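> What follows is a single structure, and I will ask about it in a moment.
2 protein chains.
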Amino acid sequence: MIYNRIALIGLGLIASSIVWAAKRGALAGEIRGFDASPEARETARRIGLCDVFDSAAEAVEGADLVILCVPVGAMGQAAEAIAPGLKPGAVVSDVGSVKRAVIEAVTPHIPKGVQFIPAHPLAGTEHSGPEAGFAALFDNRWCLVVPSPESDAANVADLRAFWEGLGAHVDEMDADHHDLVLAVTSHTPHLIAYTMVGVADDLRRVTDSEVIKYSAAGFRDFTRIAASDPTMWRDVFLSNKDATLEILGRFTEELFALQRAIRTGDGQLLHDYFTRTRAIRRGIIDAGQDTSAPDFGRAPVGRK
Amino acid sequence: MIYNRIALIGLGLIASSIVWAAKRGALAGEIRGFDASPEARETARRIGLCDVFDSAAEAVEGADLVILCVPVGAMGQAAEAIAPGLKPGAVVSDVGSVKRAVIEAVTPHIPKGVQFIPAHPLAGTEHSGPEAGFAALFDNRWCLVVPSPESDAANVADLRAFWEGLGAHVDEMDADHHDLVLAVTSHTPHLIAYTMVGVADDLRRVTDSEVIKYSAAGFRDFTRIAASDPTMWRDVFLSNKDATLEILGRFTEELFALQRAIRTGDGQLLHDYFTRTRAIRRGIIDAGQDTSAPDFGRAPVGRK
Numbered sequence: 009m010i011y012n013r014i015a016l017i018g019l020g021l022i023a024s025s026i027v028w029a030a031k032r033g034a035l036a037g038e039i040r041g042f043d044a045s046p047e048a049r050e051t052a053r054r055i056g057l058c059d060v061f062d063s064a065a066e067a068v069e070g071a072d073l074v075i076l077c078v079p080v081g082a083m084g085q086a087a088e089a090i091a092p093g094l095k096p097g098a099v100v101s102d103v104g105s106v107k108r109a110v111i112e113a114v115t116p117h118i119p120k121g122v123q124f125i126p127a128h129p130l131a132g133t134e135h136s137g138p139e140a141g142f143a144a145l146f147d148n149r150w151c152l153v154v155p156s157p158e159s160d161a162a163n164v165a166d167l168r169a170f171w172e173g174l175g176a177h178v179d180e181m182d183a184d185h186h187d188l189v190l191a192v193t194s195h196t197p198h199l200i201a202y203t204m205v206g207v208a209d210d211l212r213r214v215t216d217s218e219v220i221k222y223s224a225a226g227f228r229d230f231t232r233i234a235a236s237d238p239t240m241w242r243d244v245f246l247s248n249k250d251a252t253l254e255i256l257g258r259f260t261e262e263l264f265a266l267q268r269a270i271r272t273g274d275g276q277l278l279h280d281y282f283t284r285t286r287a288i289r290r291g292i293i294d295a296g297q298d299t300s301a302p303d304f305g306r307a308p309v310g311r312k
Numbered sequence: 009m010i011y012n013r014i015a016l017i018g019l020g021l022i023a024s025s026i027v028w029a030a031k032r033g034a035l036a037g038e039i040r041g042f043d044a045s046p047e048a049r050e051t052a053r054r055i056g057l058c059d060v061f062d063s064a065a066e067a068v069e070g071a072d073l074v075i076l077c078v079p080v081g082a083m084g085q086a087a088e089a090i091a092p093g094l095k096p097g098a099v100v101s102d103v104g105s106v107k108r109a110v111i112e113a114v115t116p117h118i119p120k121g122v123q124f125i126p127a128h129p130l131a132g133t134e135h136s137g138p139e140a141g142f143a144a145l146f147d148n149r150w151c152l153v154v155p156s157p158e159s160d161a162a163n164v165a166d167l168r169a170f171w172e173g174l175g176a177h178v179d180e181m182d183a184d185h186h187d188l189v190l191a192v193t194s195h196t197p198h199l200i201a202y203t204m205v206g207v208a209d210d211l212r213r214v215t216d217s218e219v220i221k222y223s224a225a226g227f228r229d230f231t232r233i234a235a236s237d238p239t240m241w242r243d244v245f246l247s248n249k250d251a252t253l254e255i256l257g258r259f260t261e262e263l264f265a266l267q268r269a270i271r272t273g274d275g276q277l278l279h280d281y282f283t284r285t286r287a288i289r290r291g292i293i294d295a296g297q298d299t300s301a302p303d304f305g306r307a308p309v310g311r312k
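So the sequences go chain by chain: A and B. Quick note on numbering: the first sequence equals residues 9 to 312 in this note's numbering. Quick note on numbering: the second sequence equals residues 9 to 312 in this note's numbering.
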């Protein structure tokens, strides 16, 4: 057991996965929770997720660790709401996909004697809500912890141990580098997937039904990403604006180069480009970050 | 049994999957094959794929159905190579991802008394070669058959029955509409995925190792698509140039609109857009074209 009492603010996919994984690892004596939505609180109670309270300040009372699991745009408000209930010596953390903006929003509300140590588990699915969580979500995934120079070393060590107990590998990183890395590995890919799915939805000559029927040709991979929570992603883009726009600019530049190669018939450039990108896939599989099974293992494999 | 003898030219993922699925369904009395690569022929012989011949013309002798399973850019050459061996009354088909360009490349080489009826199974994985195939690849996927007004109805019916026997649903479509639909559901998504992976590979501030370690945040889905066969995809883009460039133009337009919304902080536009795209995902799952399991079923699910 790492903490006697933890509290989760926001009871969606990530928080509910933390609960099941913390129970699996016996990491916390007691788990309390709050969600701003009465419906989510009711669902959480019904499935026996944790001790659910009707106010954020009440939920965090006596907690050694409080994790803010709300969309990035709601972090400031959540921090303000819990402030009156925080006990001296408590650690507040979060799971937001953006770090600089969250630090700016949360820090002003953190009382003296409480430390805010941001974190971000790189894990998720396209599903949302208190029923979407499962214990294995963080297994073998990375959690990036973003301490400040003021962070107490023992507090950081406990938070790292907690995430390791949830199944994750832990790295430390500064907020700006985090935001740039995530713009590449997550934010821009999500925006592009949303765009591609939006284009397909718009096209009137290709009916919805055709787009859907024939989606297995590649498109369906995009639709999974583009089915992620709209509020969460709106907030990510608005709060990691600079890095996302920078990587988007780079993406557009490359896309135009490939588009030009198609227009001019430069097969060599295309072939070289497509060969180079294959190597990254191999790296990801070798690093244990994805399955090598064809089609993510979706298709039943077996020769006969 | 639908055909006494079939022949497959090119022994990659699609051809080898046709073999295993045809054996599973007992659709052909005899299966012959040829690949331009001696290495692929040797592999096919080693795994007992089919009767492998050292020339294309020899492989197609006496075959009732010949399927060209080579990259789109090699279709014309393959048709030329098999022409001397084709028996009168034979049907030639293909599996190319583009139809207009393949029809133009193949038709001039088809002898009198032989019919060319193009087809395109919308199925695949990121793996290639004679060992990549498996019997279930086409199960519940769509195969688009593209007959011409001259196509004999009985020949079309046999080809449809063959693909249904392989596990697929069959639709008929004209070549130009096929090429536009595929530009939306397959070609443009592939180009975009290649581009995103290329951008990540280029970025020097974000090291390869970081891109790979933290890929589970969304990026890894793109790398699967961007690991597909480079030659096949080079040919697809060069031969479906017009439709791909048209959809790419549409994509860029939408991407710029979202980019502008990020820059100006228009959260409502982003939220509305991301909500709309969620519905398409539900349509695809309801149509049985993808799994509803989180993360394509990659993650082990289970609350405790």
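Beta carbons are placed, not taken as given, at the ideal position from N, Cα and C, and that holds for glycine. Note that the structure is a prediction, hence the values are computed from the model and not measured.
Taking only beta-carbon positions, decide if I10(A) is within less than 8 angstroms of chain B.
One-based indexing of the first sequence puts residue 10(A) at position 2. I10(A) does not count as touching chain B.
> 8 angstroms is my cut-off, CB to CB: does I22(A) come that close to chain B?
To locate residue 22(A), count along the first sequence from 1; it is residue 14. By this cut-off, I22(A) is not an interface position.
> Would you mind telling me which residues of chain B sit closer than 9 angstroms to I200(A), beta carbon to beta carbon, in chain order?
Against the first sequence, residue 200(A) aligns to sequence position 192. Per Cβ cutoff of 9 angstroms: I200, A201, T203, M204, F230, F259 and L263.
> Please work out which residues of its chain come closer than 7 angstroms, Cβ to Cβ, to S236(A), disregarding the five sequence neighbours upstream and downstream, and give them in chain order.
Against the first sequence, residue 236(A) aligns to sequence position 228. Cβ neighbours of S236(A) beyond the five flanking positions: E134 and H198.
> Per DSSP, what kind of secondary structure is R290(A) in: helix, strand or coil?
Position 282 of the first sequence holds residue 290(A). Correct three-state label for R290(A): helix.
> Please name the residues in the stretch 293-309 of chain B whose beta-carbon is closer than 7 angstroms to at least one beta-carbon of chain A, in chain order.
Here the close residues are A295, Q297, D298, T299, P302, D303, F304, G305, R306, A307, P308 and V309.
> Please report the residue range of the beta strand (DSSP E) in which R40(B) lies.
Counted from its first residue, the second sequence places residue 40(B) at position 32. Here the beta strand (DSSP E) through R40(B) covers A36 to F42.
> What's the C-alpha gap between V189(B) and P96(B)?
Along the second sequence, one-based indexing puts residue 189(B) at 181. Along the second sequence, one-based indexing puts residue 96(B) at 88. Each residue's alpha carbon lies about 34 angstroms from the other.
> For the alpha helix (DSSP H) containing H185(A), name the first residue and the last one.
Locating residue 185(A) in the first sequence gives position 177, where the first residue counts as 1. A183 to L190 is the extent of the alpha helix (DSSP H) around H185(A).
> Which two residues bound the contiguous alpha helix (DSSP H) that contains L145(A)?
For the purposes of this step, residue 145(A) is identified with residue 137 of the first sequence, where counting begins at 1. Segment: none, L145(A) is in no alpha helix (DSSP H) and carries neither H nor E.
> Taking a Cβ distance cut-off of 7 angstroms, strictly less, list which residues of the stretch 267-287 of chain A are near chain B, in chain order.
For the stretch 267-287 of chain A, which is checked against every Cβ of chain B, the residues closer than 7 angstroms are Q267, I270, R271, G273, G275, L278, H279, Y281, F282, T283, R284, T285 and R286.
> From S63(B), L35(B), R232(B) and I233(B), pick the residue whose C-alpha is nearest to that of D166(B); which is it?
As a working note, residue 166(B) is residue 158 in the second sequence. Among S63(B), L35(B), R232(B) and I233(B), the Cα nearest to that of D166(B) belongs to L35(B).
> Could you give the distance in angstroms between the alpha-carbon of A161(B) and the alpha-carbon of V122(B)?
Here the question's residue 161(B) lines up with position 153 in the second sequence. Here the question's residue 122(B) lines up with position 114 in the second sequence. If you take the alpha carbons of A161(B) and V122(B), they lie about 14 angstroms apart.
> What residues in its chain sit with their C-beta under 8 angstroms from that of D179(A), if we drop five residues either side in the sequence?
Position 171 of the first sequence, counting from 1, holds the residue named residue 179(A). The answer, listed in chain order, is W150, C151, L152 and V153.
> Note the first and the last residue of the continuous alpha helix (DSSP H) segment covering E88(B).
Start at 1 with the first residue of the second sequence, and residue 88(B) comes out as number 80. Unbroken alpha helix (DSSP H) run through E88(B): M83 to I90.
> Please name the residue or residues paired with P96(A) in a DSSP beta bridge.
Within the first sequence, the letter at position 88 stands for residue 96(A). P96(A) pairs with nothing; no bridge assigned.
> Alpha carbon to alpha carbon, what distance is there between Y222(B) and D250(B)?
Reading the second sequence from its first residue, position 242 is the one you call residue 250(B). Reading the second sequence from its first residue, position 214 is the one you call residue 222(B). Distance between the alpha carbons of D250(B) and Y222(B) is about 36 angstroms.
> Looking at chain A, is there any beta carbon in it that lies within less than 8 angstroms of the beta carbon of P197(B)?
The count along the second sequence starts at 1 and reaches residue 197(B) at position 189. Chain A, which has a Cβ nearer than 8 angstroms to the Cβ of P197(B), makes this yes.
> Just to confirm my understanding: we take M9(B), look at its own chain, exclude 5 residues before and 5 after, and list those with CB closer than 7 angstroms. What are they?
Counting from 1 along the second sequence, the entry for residue 9(B) is found at position 1. Closer than 7 angstroms at the Cβ level, and outside the excluded window around M9(B), lie A34, L35, A36 and G37.
> Can you tell me whether Q297(A) is buried or exposed, with buried defined as 16 or more other CB within 10 angstroms of its CB?
Here residue 297(A) refers to the residue found at position 289 when the first sequence is read from its first residue. Q297(A) should be labelled buried.
> Under 8 angstroms, Cβ to Cβ, is there at least one residue of chain A near D209(B)?
The residue labelled residue 209(B) in the question sits at position 201 within the second sequence. With 8 angstroms as the cut-off, D209(B) counts as an interface residue toward chain A.
> Select from V80(A), A143(A) and I125(A) the residue whose C-alpha is nearest the C-alpha of A30(A).
Position 22 of the first sequence, counted from the first residue, corresponds to residue 30(A). Checked all of V80(A), A143(A) and I125(A); the closest Cα to A30(A) is A143(A).
> Since A149(B) meets chain A, which of its residues come closer than 8 angstroms, beta carbon to beta carbon?
For the purposes of this step, residue 149(B) is identified with residue 141 of the second sequence, where counting begins at 1. Checking the sequence shown, residue 149(B) turns out to be Arg, not Ala. Chain A residues near R149(B): A224.
> How would you write the range of the alpha helix (DSSP H) that H198(A) sits in, first residue to last?
Numbered from its first residue, the first sequence carries residue 198(A) at position 190. Its alpha helix (DSSP H) spans residues T196 to D210.
> For the alpha helix (DSSP H) containing L167(B), list its first residue and its last residue.
Taking the first residue of the second sequence as 1, we reach residue 167(B) at position 159. Segment A161 to G173, the alpha helix (DSSP H) holding L167(B).
> Go through its chain and collect everything with a Cβ distance to A299(A)'s Cβ below 8 angstroms, but skip five positions before and after it.
Within the first sequence, residue 299(A) is the residue found at index 291, counting from 1. What sits at residue 299(A) in the sequence shown is Thr, not Ala. Cβ neighbours of T299(A) beyond the five flanking positions: I293 and G305.
> Please report the distance separating the alpha-carbon of E313(B) from that of L277(B).
Only positions 9 to 312 of chain B appear in this structure, which leaves residue 313(B) out of reach.
> Taking beta-carbon pairs under 7 angstroms, can you tell me which members of the stretch 149-182 of chain A lie near chain B?
If the cut-off is 7 angstroms between Cβ atoms, the stretch 149-182 of chain A has R149 and W150 near chain B.
> Go ahead and label F264(A) buried or exposed: buried means 16 or more other beta carbons lie within 10 angstroms of its beta carbon, across all protein chains shown.
Residue 264(A) sits at position 256 when you count from the first residue of the first sequence. It is exposed - the Cβ of F264(A) has fewer than 16 other Cβ atoms within 10 Å.
> Exposed or buried, what is T252(A) when buried is set at 16 or more other beta-carbons lying within 10 Å of its beta-carbon?
The sequence position of residue 252(A) within the first sequence is 244, counting from 1. By the 10 Å Cβ count, T252(A) comes out buried.
> Go through its chain and collect everything with a Cβ distance to S247(B)'s Cβ below 6 angstroms, but skip five positions before and after it.
If you number the second sequence from 1, residue 247(B) lands on position 239. Result list for S247(B): V80, V106 and A109, in chain order.
> Hey, I22(A) and F42(A): beta-carbon distance below 8 angstroms or not?
Position 14 of the first sequence, counted from the first residue, corresponds to residue 22(A). Position 34 of the first sequence, counted from the first residue, corresponds to residue 42(A). Cβ distance not < 8 angstroms, so I22(A) and F42(A) don't count as in contact.
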